[in-house]
Amino acid sequence: MELHEDAVQPDADATQVSCRAWRDGRLLHEHVPLEDVVDIAHDPDVLVWVDIVAPTAAGLSTFASQLGLPATAVEDALGPKERPKLIRHDTHLFFTVYAVLPGQSTAEHLALSRLSGWVMPAALITIRRNDAFDMTEIVRRWEEDPELLDAGSGALVHGLLDAVVDDQFAWIETLDERVEELESQLFDNRQAGTPFARTLFDVRKELVTLRRIVLPMREVVSGLLRDQTTDAPALRPWFDDLYDHVLRAAEWTESLRDLVSSAFETNLALSDERLNTVMKKLAGWAAIIAVPTAITGWFGQNVPYPGFSEPLGLWLSVALIAVGSVALYLVFKSKDWV
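Just so we're aligned: the sequence shown equals residues 306 to 643 in the working numbering.
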């Protein structure tokens, strides 16, 4: 199962570029003109965030060359079906992560939004295929702590990844609630069947996708902890806390996968048990029905038998049917076969 997001083919007319700049943790420019972005991005005293939505390969290549980034940076940003990762280059860091979109995700489909970024000492350039992921909340988080912004681009990266992990965590919690509901239905005979198995399969499929985007986050965050670009003393506690959240999310995802696998196996075992119960009941009733069939067949033969051609024969056959059927019923009932 490959990672993918619901996106349209980038169009030059649809490309959006926005830029904000801070100095000493304070907002310097809320909207930087596109022609001034490159100059500001090279100013070591200014922290810059550039957000590019729906970029084209040609446009992104031009922008990367102006920033002094290699051609491989564009390949990393626009490559299809990339896994979450962190790559170190001589001039920058590159990362790719996937954010969960809770408002667009359903029980049958987990909606994802791919976020890529170039990290330089005083600049963060984020690259998004579409605007499905709202950056408004991220900007609010950044500007809540001006002192943290003064630590450099690592503060921007932390705020972005923290929001991504929070959304992943929220969806893991949602899946955990769904698994608990399935567990409560597991031993209810009325709920078992195709709809239950289908729901269980959908949850398992979402967990597989979620596992592919959550587990690699450990490598991304641990790589940021070791890199000089983001290893400012003021940021260390924040990245340690982020790494702890990533570990918890990964462990929770793994435990949910084990629970769903156990639910699959338990549902299969219960199905076999119900089938065995039905077969036992059918066998018990078949044995009971065989008693009157055998007796009436014997007494119906044109040969002498006890009470032949007399009323005694009728009552004798009725008594044998009643006694044999009741006796078998009581025996099977005591063994829970009927």
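C-beta: ideal position from N, C-alpha, C; glycine also.
Bear in mind the structure is a predicted one, so any value in this text is a computation, not a measurement.
Starting from the C-beta of residue i, find all residues in its chain whose C-beta is less than 6 Å away, skip the five residues before and the five after it, and write them out in chain order.
i      : result
Pro375 : none
Val322 : Leu339 and Ile357
Trp642 : Lys585 and Gly589
Gly629 : Val596
Arg509 : Val565
Pro385 : none
How far does the beta strand (DSSP E) with residue i in it reach, from first residue to last?
i      : result
Leu391 : Lys390 to Arg393
Trp354 : Leu352 to Val358
Ala404 : Leu398 to Val405
Ala326 : Gln321 to Arg328
Tell me the rounded alpha-carbon separation between residue i and residue j.
i      : j      : result
Ala363 : Thr401 : 20 Å
Leu353 : Arg483 : The question names Leu, yet the displayed sequence has Val at residue 353. Cα to Cα, the separation comes out at about 41 Å.
Glu556 : Ser421 : 24 Å
Arg433 : Arg419 : 6 Å
Leu398 : Leu415 : 28 Å
Val313 : Asn435 : Here the model assigns Val313 a pLDDT of 39, short of 50, so the residue's position is not dependable, and the following value carries that caveat. Computed Cα separation, rounded: 8 Å.
Leu406 : Pro542 : 27 Å
Ala404 : Glu485 : 24 Å
Leu453 : Leu491 : 49 Å
Met440 : Leu461 : 12 Å
Arg517 : Met425 : 27 Å
Leu505 : Ser639 : 36 Å
Gly330 : Glu524 : 28 Å
Leu617 : Asn581 : 42 Å
Asp344 : Gln371 : 9 Å
Leu427 : Thr514 : The sequence shown places Ala at residue 427, not Leu. Whole-angstrom Cα-Cα distance: 34 Å.
Val583 : Ala574 : 14 Å
Thr320 : Gly528 : 30 Å
Gly373 : Glu570 : 55 Å
Phe474 : Leu635 : 57 Å
Val470 : Leu587 : 54 Å
Ala437 : Arg531 : 31 Å
Glu449 : Met522 : 25 Å
Ala624 : Phe637 : 20 Å
Val519 : Glu559 : 10 Å
Ser410 : His336 : 32 Å
Asp381 : Leu429 : 15 Å
Thr377 : His394 : 9 Å
Leu487 : Pro500 : 11 Å
Pro451 : Glu413 : 41 Å
Asp563 : Asp507 : 15 Å
The alpha helix (DSSP H) spanning residue i covers which residue range?
i      : result
Arg523 : Met522 to Arg531
Ala416 : Per DSSP, Ala416 belongs to no alpha helix (DSSP H) and is neither H nor E.
Ser458 : Ser458 to Leu491
Trp447 : Thr441 to Glu449
Ala376 : Ala376 to Leu383
Gln502 : A small correction: the amino acid at residue 502 is Ala; Gln does not occupy that position in the sequence shown. Start and end: Thr499 to Val519.
Ala346 : Leu339 to Ala346
Leaving out the 5 sequence neighbours to the left and right, which residues in its chain are closer than 7 Å to residue i when beta-carbon positions are compared?
i      : result
Gly459 : Thr534, Thr535, Ala537 and Leu540
Val342 : Cys324 and Val355
Leu333 : Ala326, Trp327 and Val351
Val379 : Ala362, Leu365, Ser366 and Ala369
Ala456 : Ala537, Ala539 and Leu540
Ala468 : Glu442, Ile443 and Arg446
Ile626 : Val596, Pro597 and Ile600
Asp311 : The predicted model places Asp311 with a pLDDT of 48, which falls under 50 and marks its position as unreliable; any figure quoted below should be read in that light. These residues qualify, in order along the chain: Ala416.
Leu633 : Ala592, Ile593 and Val596
Gly464 : Ile443, Arg446 and Trp447
Leu383 : Ala362 and Leu365
Asp472 : Ala404, Val405 and Pro407
Any idea what DSSP makes of residue i, helix, strand or coil?
i      : result
Gln371 : helix
Trp590 : helix
Arg434 : coil
His550 : helix
Ser410 : coil
Leu429 : strand
Ala362 : helix
Gly629 : helix
Leu333 : strand
Lys638 : helix
Asp316 : A caution first: Asp316 carries a pLDDT of 48, below 50, which makes its placement in the model too unreliable to give a value.
Arg541 : helix
In its own chain, which residues sit with a C-beta less than 8 Å from the C-beta of residue i, not counting the 5 before and 5 after it?
i      : result
Val526 : Leu466, Phe544, Leu547, Tyr548 and Val551
Leu561 : Ile477, Leu480, Asp481, Val484 and Leu512
Ala502 : Asn572
Ser567 : none
Thr396 : Gly373, Leu374, Pro375 and Met425
Thr431 : Trp354, Val355, Asp356, Ile357, Leu420, Ser421, Gly422, Met440 and Leu465
Cβ contact check for the segment 341-352 and the segment 381-400: 3 or more pairs under 8 Å: The count of Cβ pairs closer than 8 Å, one atom from the segment 341-352 and one from the segment 381-400, stays below three, leaving the stretches out of contact.
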